[in-house]
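Undergrad: Before we start, here is the structure in question, set down as structure tokens.
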Amino acid sequence: MKKVMLKTTLSLAVAMASTQIFASGFAINEQSISGMGTGFAGRSSAADDASTIFGNPAGMSRIKREQVTGGVAMLDAHTDISHASSSPNSGSNDGDMVPFIAVPMGYYVKPIDDKWAFGVGVYAPFGLVTDYENNFAGRYFGSKSEVKIVTLQPTVSYAFNDKVSIGFGPTINRIDGTLESNLSITQSQPDGKVKIKGDDTALGYNIGVLVQATDSTRVGLTYHSKVKYKLEGDTKVNYGVLGLIGQSASQKYDASLDLTTPESVDFSVTHQLDDKWTLYAGSTWTRWSRLKEITVENKGVPAILNGQFGTITEEQNWHDTWAHAIGASYQLNKQWVLRTGLSIDQAPTNNVDRSPRIPTGDRKIFSVGAGWSPTDDLTIDLAYSYLREESVKVDNSNDRGQNYNAKYENYANGFGLGATYRF
759 MKKVMLKTTL SLAVAMASTQ IFASGFAINE QSISGMGTGF AGRSSAADDA STIFGNPAGM
819 SRIKREQVTG GVAMLDAHTD ISHASSSPNS GSNDGDMVPF IAVPMGYYVK PIDDKWAFGV
879 GVYAPFGLVT DYENNFAGRY FGSKSEVKIV TLQPTVSYAF NDKVSIGFGP TINRIDGTLE
939 SNLSITQSQP DGKVKIKGDD TALGYNIGVL VQATDSTRVG LTYHSKVKYK LEGDTKVNYG
999 VLGLIGQSAS QKYDASLDLT TPESVDFSVT HQLDDKWTLY AGSTWTRWSR LKEITVENKG
1059 VPAILNGQFG TITEEQNWHD TWAHAIGASY QLNKQWVLRT GLSIDQAPTN NVDRSPRIPT
1119 GDRKIFSVGA GWSPTDDLTI DLAYSYLREE SVKVDNSNDR GQNYNAKYEN YANGFGLGAT
1179 YRF
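Numbering (the working numbering), first residue to last: 759 to 1181.
Here it is, written out as structure tokens:
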């Protein structure tokens, strides 16, 4: 039973560590609708609207009018599960465990003078929802996960001159997570449940530099800091109909774990080819190798169960990842700009430790978008992205003789709608 609990508890931490779920792992990468249209190529160098607060805070120096940018990205993810086997040999493999998700965002920028600008952003840097069917064959290794992250980022930028600017913003990050798995005591007894909840608020920061290298070329560099969390919550264990070795059928323990989400560096280039075409390119490095192992502490565990539920450690062995993107925009006329982009993104997981909670692999993303400006004060942005991952294998087992093996193929559609209003 130690292995069952181990997989369940640590999968919560792994889910929380996926800071860009549609960027590596099932992570959210959508903090800008205009950027979504170019596949987020040029994210740290474009500075097209107030969403540059996330992409590169130094980009606020390019915004000459007070403005508000807001929007929502809608994610429709699907999974095909094949070649599945499990022990006990029962259960279904329907897939499509990710419900339709809407991710909102909002930003405000106000130029103070020729040098200084102030802004504030609210966005979701990462999150996760997976909810398998009740009789999922891999339910002992993960049945439901929900993680929500909300970040508030007040930001300032300073322009040294018309060529070089910098920006800085502390981030206030709120994380809430819930995770469930089934628990089997004996083959004759109905499944029990393990449910884990935890939350924390932690600080980080974003810092960026923007350089107008030539009249037609901008270069941007953004650093998103690591964030240290200490999640506090509880672990609830329901053993089913019967109790366990003198314990009641339901137990609740105080739980805590230390978790550091990794830093990332984004470098990009924006080049205006002529008065119609603009080209974008960028790369992002994320230090996922920080996630070697996670230790969970459960307090109040009876001595007879301390070996199973006291201190739990499991290795994850994630690796650093690179994401690369290229994109272009075409100014059709004064009112319309068309966008497109292609992204290639690595996954941090490996074939040994991958679980049903984050069955993710390397992916390719194709994006298109458009911006419509009916007036000089208003721009409405639309975007669509199609994501497809390489097929990956999940191979989980525990010391109770339970195992789950399957091939996963993931794909997703992303839809974005946003608007910028200038005062």
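Idealized CB from N, CA, C, for every residue including glycine.
1) Whole angstroms is fine: what's the gap from residue 959's alpha carbon to residue 908's?
2) In the DSSP output, which residue or residues are listed as bridge partners for residue 875?
3) Using only alpha-carbon positions, find the residue among 979, 1086, 824 that is nearest to residue 1134.
4) By a C-beta neighbour count over all protein chains shown, 10 Å radius and 16 as the cutoff for buried, is residue 941 buried or exposed?
5) On the CB-based measure, 16 or more other CB atoms within 10 Å of its CB, does residue 1162 come out buried or exposed?
6) Could you check if residue 1151 is buried or exposed, using at least 16 other CB atoms within 10 Å of its CB as the buried criterion?
7) Give the list of continuous beta strand (DSSP E) stretches no shorter than 3 residues that lie fully inside the stretch 1069 to 1148.
8) Alpha carbons only, please: which of 1049, 1166, 896, 961 is nearest the one belonging to residue 927?
9) For residue 1029, list the residues DSSP reports as bridge partners.
10) Inspect the beta-carbon positions of residue 1197 and residue 1086 and report whether they are closer than 8 Å.
11) Can you tell me which residues form a DSSP beta bridge with residue 928?
12) With the cut-off set at 8 Å, would you say residue 1174 and residue 1141 are in Cβ contact?
13) Starting from residue 794, trace the alpha helix (DSSP H) in both directions and tell me its first and last residue.
14) On a CA-only basis, which of 820, 1157, 985 is nearest residue 1020? Give me that one, please.
15) Is there contact between the stretch 816 to 830 and the stretch 920 to 937, where contact requires at least three CB pairs shorter than 8 Å?
16) Suppose you measure from the CA of residue 918 to the CA of residue 1097; what does that come to, to the nearest Å?
17) Taking the beta strand (DSSP E) that residue 1176 falls in, what are its first and last residues?
18) Closest to residue 834 by C-alpha separation, out of 1176, 1158, 1172, 1114, would be which residue?
19) Per DSSP, residue 755 forms a beta bridge with which residues?
20) Would you say residue 905 and residue 935 are within 8 Å of each other, going by their C-beta atoms?
21) Any idea if residue 952 is buried or exposed, counting beta-carbon neighbours within 10 angstroms, 16 or more meaning buried?
22) How is residue 818 classed by DSSP in three states: helix, strand or coil?
23) I need the straight-line Cα distance from residue 1015 to residue 996, nearest angstrom please.
24) With a cut-off of 8 Å on the beta carbons, I'd call residue 827 and residue 1178 a contact; round off their distance for me.
25) Taking just the CA atoms, how far does residue 843 sit from residue 896?
26) Which value, in whole angstroms, describes the spacing of the CA atoms of residue 957 and residue 882?
27) Pick out whichever of 932, 813, 1176 has its Cα sitting closest to the Cα of residue 830.
28) Which same chain residues end up closer than 7 Å to residue 808 when comparing Cβ atoms and leaving out the 5 residues on each side of it in sequence?
29) Spatial neighbours of residue 1093 within its chain, please: CB distance less than 7 Å, with the 5 preceding and 5 following residues excluded, ordered by chain position.
30) Less than 7 Å between C-beta atoms, sequence neighbours within five positions excluded: which residues of the same chain meet that for residue 992?
31) Compare the C-alpha of residue 980 against each of 987, 965, 974 and name the closest.
32) Output needed for residue 977: all residues of its chain with C-beta closer than 7 Å, excluding positions within five of it in sequence on either side, in chain order.
33) Determine whether the beta carbon atoms of residue 888 and residue 863 lie at a separation below 8 Å.
TA: Let me spell this out:
1) 10 Å
2) 869, 915
3) 824
4) buried
5) buried
6) exposed
7) 1069 to 1073, 1079 to 1089, 1094 to 1103, 1121 to 1130, 1136 to 1147
8) 961
9) 975, 1037
10) No information on residue 1197 is available, as it lies outside the stretch 759 to 1181 that the chain covers here.
11) 963
12) yes
13) 791 to 795
14) 985
15) yes
16) 31 Å
17) 1161 to 1180
18) 1172
19) With the chain running from 759 to 1181 in the structure shown, residue 755 is simply not present.
20) yes
21) buried
22) helix
23) 21 Å
24) 4 Å
25) 9 Å
26) 15 Å
27) 1176
28) 821, 825, 826, 827, 865, 866, 867, 877, 1178
29) 1130, 1131, 1132
30) 955, 1010, 1011, 1012, 1013
31) 965
32) 803, 969, 971, 1027
33) no
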